[in-house]
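K.L.:
Below is the structure I would like to discuss, written out as structure tokens.
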Amino acid sequence: MHAITIPEPGGPEALVWGEVPDPVPGEGEVLVEVAASAVNRADILQRQGFYNPPPGASPYPGLECSGRVAALGPGVSGWSVGDEVCALLAGGGYAEKVAVPAGQLLPLPKGLDLKQAAALPEVVSTVWSNVFMIAHLRPGETLLVHGGSSGIGTMAIQLAKAVGAKVAVTAGTREKLERCAELGADILVNYREQDFVEEVRKATGGAGADVILDNMGAKYLDRNVNALAVNGRLAIIGMQGGVKAELNISTLLTKRAAISATSLRARPLGEKAAIVAAVREHVWPLIDAGQVRPIVDREIPMSDADTAHRVVEESGHIGKVLLVAP
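Numbering (the working numbering), first residue to last: 18 to 343.
Below is the structure:
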């Protein structure tokens, strides 16, 4: 088969489309013939040499895919050859075939084509596990999403609105904020011109955000805590703004607030399967009903993954950038 390899870490040109051995599904795995994958920030970090795959995972980038089941490994039940699926991966999505633990497969939702479904597994699993399973966002509460026009952000807006929450977002351009508003965002903050702490407090009568979904890490830590409401929950899922910061514990104590930090890729298979099962139970009906949908910025041939990485690194896109297999 063909796959994107990374012979040496570096810029987008480090991504090389070439022939590699076909994967063989092991115990409890399914072989998927890939229709499409999607670009995530973690793929860029892997390309740069900063985020190696966990032990036993495919060495190729790609944390999600869609496609058709091509073969079943030993011990797999509930799936059949030819089933149209999408999948959460620890790696290997930038390829024509990938072996996937059966617990990380999801059926193709109603109303979506096979390529569109590649935009779902990573963002839906990340948002549902952090905002709902850990931070327990409830109807009537306020969620603040940093990077509201990203793949994660566009999904977080829709899911939060679907459960009856109020949504605040940050983004850097008017166009991006307008797209967030179209998806249901109530509070729009241009982080280049406005202080999100002040804007969220103003919009909530001084209370602040009950839940914050943060991709920035260190750069926003102190301001995020200040933006939290009493009993607020901060969920950190990225480090785009650095990895080290000081925190005033007194503020955290006064607000009786909580901070969580998670990643999906290296979690044990059982934890990933539990998240995927929760997504199938709670989110798939919303997608089937048309209440939630993936936001796709553009589709690019998988062999041109370097172009897709440049698009994502320039941050001009809205939603997900897909890589379409031959």
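Glycine included, C-beta positions come from ideal geometry on N, C-alpha and C.
Owing to the predicted nature of the structure, the values given are computational and were not obtained by experimental measurement.
Return the residue from the list Val144, Glu195 and Glu199 that minimises the CA-CA distance to leucine 176.
P.N.:
Position 159 of the sequence shown, counting from 1, holds the residue named residue 176. If we check each option's Cα against that of leucine 176, Val144 comes out closest.
K.L.:
Just mark isoleucine 312 as buried or exposed, buried being the case when its beta carbon has 16 or more other beta carbons within 10 Å.
P.N.:
One-based indexing of the sequence shown puts residue 312 at position 295. So isoleucine 312 counts as buried.
K.L.:
Would you give the residue range spanned by the alpha helix (DSSP H) that asparagine 243 belongs to?
P.N.:
Position 226 of the sequence shown holds residue 243. Unbroken alpha helix (DSSP H) run through asparagine 243: 238 to 244.
K.L.:
Please classify phenylalanine 67 as buried or exposed, where buried requires at least 16 other C-beta atoms within 10 Å of its C-beta.
P.N.:
In the sequence shown, counting from the first residue as 1, residue 67 sits at position 50. Looking at its Cβ environment, which holds fewer than 16 other Cβ atoms inside 10 Å, phenylalanine 67 is exposed.
K.L.:
Going straight from the alpha carbon of lysine 289 to that of glycine 222, what length do you get?
P.N.:
As a first step, residue 289 must be located in the sequence shown, where it is residue number 272. As a first step, residue 222 must be located in the sequence shown, where it is residue number 205. Taking the straight line joining both Cα atoms gives about 38 angstroms.
K.L.:
Where does arginine 297 sit, in a helix, a strand or coil, going by DSSP?
P.N.:
In the sequence shown, counting from the first residue as 1, residue 297 sits at position 280. DSSP places arginine 297 in helix when its eight states are reduced to three.
K.L.:
Considering only residues of the stretch 215 to 291, which uninterrupted beta strand (DSSP E) runs meet the minimum length of 3 residues and lie entirely inside it, listed in chain order?
P.N.:
Positions of the beta strand (DSSP E) runs, each at least 3 residues long and wholly inside the stretch 215 to 291, are given as 226 to 231, 245 to 253 and 275 to 278 in order along the chain.
K.L.:
Quickly, what does DSSP pair cysteine 197 with across the bridge? List them, please.
P.N.:
The residue you call residue 197 lines up with position 180 of the sequence shown. Cysteine 197 is not bridged to any residue.
K.L.:
From what residue to what residue does the beta strand (DSSP E) around aspartate 314 run?
P.N.:
On the sequence shown, residue 314 is found 297 positions in, with the first residue counted as 1. Unbroken beta strand (DSSP E) run through aspartate 314: 313 to 318.
K.L.:
Quick check: what's the CA-CA separation for leucine 80 versus threonine 279?
P.N.:
Translated into the one-based positions of the sequence shown, residue 80 becomes position 63. Translated into the one-based positions of the sequence shown, residue 279 becomes position 262. Distance between the alpha carbons of leucine 80 and threonine 279: 15 angstroms.
K.L.:
Which of helix, strand or coil does DSSP assign to valine 115?
P.N.:
As a position in the sequence shown, residue 115 is number 98, starting the count at 1. If DSSP states are grouped into helix, strand and coil, valine 115 belongs with the strands.
K.L.:
DSSP puts lysine 183 in a beta bridge; with which residues?
P.N.:
By 1-based counting over the sequence shown, the position of residue 183 is 166. For lysine 183, which the question treats as bridged, DSSP gives the partners Thr159.
K.L.:
Just curious, the alpha helix (DSSP H) that arginine 350 is in, first and last residue?
P.N.:
The structure shown does not extend to residue 350, since the chain is modelled only from 18 to 343, so the question has no answer here.
K.L.:
Less than 8 angstroms between the CB atoms is what I'm expecting for valine 293 and glutamate 316, so what's the real figure, rounded?
P.N.:
Counted from its first residue, the sequence shown places residue 293 at position 276. Counted from its first residue, the sequence shown places residue 316 at position 299. Contact doesn't hold; Cβ gap of about 24 angstroms is too wide.
K.L.:
For alanine 306, which option in Gln63, Pro72, Gly128 and Pro42 has the closest C-alpha, if you only look at C-alpha atoms?
P.N.:
Numbered from its first residue, the sequence shown carries residue 306 at position 289. Cα-wise, what sits closest to alanine 306 is Gly128.
K.L.:
What span of residues does the beta strand (DSSP E) with glutamate 25 cover, start to end?
P.N.:
One-based indexing of the sequence shown puts residue 25 at position 8. First-last for glutamate 25: undefined, no H or E at that position.
K.L.:
Please state whether DSSP places serine 166 in a helix, a strand or coil.
P.N.:
Walking along the sequence shown from the start, residue 166 turns up at place 149. Note: serine 166 maps to coil in three-state DSSP.
K.L.:
Residues in its own chain within less than 7 angstroms of tyrosine 77 by CB, not counting five upstream and five downstream?
P.N.:
By 1-based counting over the sequence shown, the position of residue 77 is 60. Same-chain partners within the cutoff: Ala20, Ile21, Thr22, Gly108, Gly109, Tyr111 and Ala112.
K.L.:
Looking at C-alpha atoms only, which residue of Pro38, Leu122 and Pro72 is the closest neighbour of valine 296?
P.N.:
Locating residue 296 in the sequence shown gives position 279, counting from the first residue. Measuring from the Cα of valine 296, the nearest candidate turns out to be Leu122.
K.L.:
Just to confirm the assignment, what range does the beta strand (DSSP E) spanning proline 124 have?
P.N.:
The residue given as residue 124 occupies position 107 in the sequence shown. Run containing proline 124: 122 to 124, per the beta strand (DSSP E) assignment.
K.L.:
Hey, quick one: how far does the beta strand (DSSP E) through arginine 85 stretch, first residue to last?
P.N.:
Working through the sequence shown from its first residue, we reach residue 85 at position 68. Segment 81 to 89, the beta strand (DSSP E) holding arginine 85.
K.L.:
Does the stretch 52 to 71 come within contact of the stretch 135 to 150, defined as at least 3 CB pairs closer than 8 angstroms?
P.N.:
yes
K.L.:
How many Å lie between valine 86 and aspartate 39 at the Cα?
P.N.:
Along the sequence shown, one-based indexing puts residue 86 at 69. Along the sequence shown, one-based indexing puts residue 39 at 22. Approximately 14 angstroms between the Cα atoms of the pair.
K.L.:
Which residues in the same chain have their Cβ closer than 6 angstroms to the Cβ of aspartate 100, if we skip the five residues on either side of it in sequence?
P.N.:
Taking the sequence shown and counting its residues from 1, the one referred to as residue 100 is at position 83. Once the five neighbours on either side are set aside, the close Cβ partners of aspartate 100 are Val86.
K.L.:
Measuring CB atoms only, is the stretch 214 to 234 touching the stretch 242 to 253, in the sense that at least three cross pairs come out at less than 8 angstroms?
P.N.:
yes
K.L.:
So for valine 328, helix, strand or coil by DSSP?
P.N.:
Here residue 328 refers to the residue found at position 311 of the sequence shown. Note: valine 328 maps to helix in three-state DSSP.
K.L.:
Three or more beta-carbon pairs under 8 angstroms between the stretch 239 to 247 and the stretch 192 to 208, yes or no?
P.N.:
For the pair of segments examined, the stretch 239 to 247 was found not to touch the stretch 192 to 208: the number of CB pairs separated by less than 8 angstroms stays below three.
K.L.:
Which partner residues of tryptophan 145 appear in the DSSP bridge assignment?
P.N.:
For the purposes of this step, residue 145 is taken as the residue at position 128 of the sequence shown. Paired residues: none, contrary to the question.
K.L.:
So, at 6 angstroms on beta carbons, what are the nonlocal neighbours of isoleucine 304 in its own chain, with the 5 sequence-adjacent residues on each side left out?
P.N.:
Start at 1 with the first residue of the sequence shown, and residue 304 comes out as number 287. Result list for isoleucine 304: Pro126, in chain order.
K.L.:
Could you tell me how far apart the beta carbons of glycine 45 and alanine 116 are, in whole angstroms, since I believe they sit closer than 8 angstroms?
P.N.:
The residue you call residue 45 lines up with position 28 of the sequence shown. The residue you call residue 116 lines up with position 99 of the sequence shown. No, glycine 45 and alanine 116 are not in contact; Cβ-Cβ is about 10 angstroms, not under 8 angstroms.
K.L.:
Have a look at arginine 282 and glycine 255 and give me their C-alpha separation to the nearest angstrom.
P.N.:
Numbered from 1 along the sequence shown, position 265 holds the residue referred to as residue 282. Numbered from 1 along the sequence shown, position 238 holds the residue referred to as residue 255. Cα to Cα, arginine 282 sits roughly 13 angstroms from glycine 255.
K.L.:
Here's the rule: buried if 16 or more other CB atoms are within 10 angstroms of the residue's CB, otherwise exposed. What is lysine 193?
P.N.:
Within the sequence shown, residue 193 is the residue found at index 176, counting from 1. By the neighbour-count criterion, in which 16 or more other beta carbons inside 10 Å mark a residue as buried, lysine 193 falls on the buried side.
K.L.:
To the nearest angstrom, how far is the alpha carbon of serine 69 from that of glutamate 25?
P.N.:
Here residue 69 refers to the residue found at position 52 when the sequence shown is read from its first residue. Here residue 25 refers to the residue found at position 8 when the sequence shown is read from its first residue. Correcting the residue identity first, residue 69 is asparagine in this sequence and not serine. For asparagine 69 and glutamate 25, the distance between alpha carbons rounds to 12 angstroms.
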